[in-house]
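Residue numbers (our numbering): 23 to 206.
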C-alpha cells in the first residue's frame, strides 16, 4: 500500500501502459504515488518512474522491472545514465538548500507557487503551470506561502559534466543535503 502525501494536497495516481496480445494499448498497472517524507516532513518525495539507460528498452516490460529495481535500491536525486520523474511537495515557508545536480531538469508547478532562487541573486516566482528548465545551475526552491503547500513535478535527466569558464561544475547538494531515501 502506498504512503499518502505528507501535505494536504490530493493523492496522485500513476498509470503504466503497455500492450495486450493483439498489440492494442492497455493499462498494465496503476497505483497511488508512494510518498516519502524528507527534511523533517517539510517535503514529500514520490518517484513514479525512472529510466536507467539513455535508450529505454520497453520490450517484455524490461523498463518496469528496471524501475522497480532502481527505486528499491539507492536512488539519488539523479539516476546515472537515466532519468527520474519525481513529485515534490514543499511545506508553507520551507526553503531547501542552494544546490546543483549534474542534470537537465524540467520543473512543472502543479499546485501553489514556488520561488526559484539562483546563486546570482535572481529570484523568480513560478505559479501553477509554469516550467523551470534547470540546466545544471546552482538554485534553491522556496515556498513563499505561509499557509499553502506547493507541488512541483520534476523530470531529471543525467547529463555530461558541465564546464563553465574552464571549470568543471559537479553536483553540489548544499550544507543540509536532502537526499531522497529509498522509495521502497
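Backbone N, C-alpha and C fix where the C-beta goes; we use that ideal spot for every residue, glycine too. A quick note: this is a predicted structure, and the numbers were derived from the prediction, not measured.
Q. Just checking my contact of residue 65 with residue 127 at CB under 8 Å: how many whole Å lie between their CB atoms?
A. In the chain shown, counting from the first residue as 1, residue 65 sits at position 43. In the chain shown, counting from the first residue as 1, residue 127 sits at position 105. Actually they are not in contact, since the Cβ atoms of residue 65 and residue 127 sit about 16 Å apart, beyond 8 Å.
Q | Boundaries of the alpha helix (DSSP H) in which residue 88 is found, first to last residue | A | Along the chain shown, one-based indexing puts residue 88 at 66. Counting along the chain, the unbroken alpha helix (DSSP H) around residue 88 starts and ends at 84–94.
Q.
Just to confirm the assignment, what range does the beta strand (DSSP E) spanning residue 26 have?
A. For the purposes of this step, residue 26 is identified with residue 4 of the chain shown, where counting begins at 1. No beta strand (DSSP E) contains residue 26, which DSSP labels as neither H nor E.
Q.
Below 8 Å, how does it come out for the region 155–174 and the region 128–145: are there three or more Cβ pairs, yes or no?
A. yes
**Q.** Residue nearest to residue 134 in terms of C-alpha spacing, selected from 77, 148, 62
**A.** Your numbering for residue 134 matches position 112 in the chain shown. The candidate whose alpha carbon is nearest that of residue 134 is 148.
Q.
Tell me which residue opens and which closes the beta strand (DSSP E) that residue 148 is part of.
A. As a first step, residue 148 is located in the chain shown; it is residue number 126 there, counting from the start. First-last of the beta strand (DSSP E) with residue 148: 145–149.
Q | Buried/exposed call for residue 169, threshold 16 Cβ in 10 Å | A | In the chain shown, residue 169 corresponds to position 147, counting from 1. With fewer than 16 other Cβ atoms within 10 Å, it is exposed.
Q: In the DSSP assignment, find the beta strand (DSSP E) that holds residue 7 and state where it starts and stops.
A: Missing from the structure shown is residue 7; the chain here goes from 23 to 206 and no further.
Q: Verify whether the separation of the beta carbon atoms of residue 108 and residue 69 is less than 8 Å.
A: If you number the chain shown from 1, residue 108 lands on position 86. If you number the chain shown from 1, residue 69 lands on position 47. Contact flag set, yes.
**Q.** Residue closest to residue 130, alpha-carbon to alpha-carbon, out of 124, 116, 115, 151
**A.** Walking along the chain shown from the start, residue 130 turns up at place 108. Residue 151 is the option with its Cα nearest to residue 130.
Q | Inter-residue spacing [alpha-carbon to alpha-carbon] between residue 48 and residue 42 | A | The residue labelled residue 48 in the question sits at position 26 within the chain shown. The residue labelled residue 42 in the question sits at position 20 within the chain shown. Whole-angstrom Cα-Cα distance: 6 Å.
Q. For residue 204, which of helix, strand or coil comes out of DSSP?
A. What you label residue 204 is simply residue 182 of the chain shown in a count that begins at 1. Residue placement at residue 204 cannot be trusted, given a pLDDT of 49 that sits under 50; what the coordinates show is reported in the next sentence. Coil, per DSSP.
**Q.** Which residues DSSP lists as bridging residue 154, in chain order
**A.** Working through the chain shown from its first residue, we reach residue 154 at position 132. Partner(s): 129.
Q: Following the continuous beta strand (DSSP E) through residue 54, name the residue where it begins and the one where it ends.
A: For the purposes of this step, residue 54 is taken as the residue at position 32 of the chain shown. Taken as a continuous stretch (DSSP letters only), the beta strand (DSSP E) holding residue 54 covers 47–54.
Q) Hey, out of 33, 51, 32, whose CA is closest to residue 40's CA? A) For the purposes of this step, residue 40 is taken as residue 18 along the chain shown, with counting starting at 1. Comparing Cα-Cα distances from residue 40 to each of 33, 51, 32, the minimum goes to 51.
Q. Going by alpha carbons, who is nearest to residue 155 out of 27, 175, 117?
A. Counting from 1 along the chain shown, the entry for residue 155 is found at position 133. Taking residue 155 as reference, the option from 27, 175, 117 with the minimal CA-CA separation is 175.
Q | Among 191, 60, 79, 26, the one whose alpha carbon lies nearest that of residue 53 | A | Within the chain shown, numbered from 1, the residue matching residue 53 stands at position 31. Among 191, 60, 79, 26, the Cα nearest to that of residue 53 belongs to 26.
Q) Applying the criterion that 16 or more other CB atoms from any shown protein chain within 10 Å of the CB defines a buried residue, is residue 77 buried or exposed? A) If you number the chain shown from 1, residue 77 lands on position 55. Looking at its Cβ environment, which holds fewer than 16 other Cβ atoms inside 10 Å, residue 77 is exposed.
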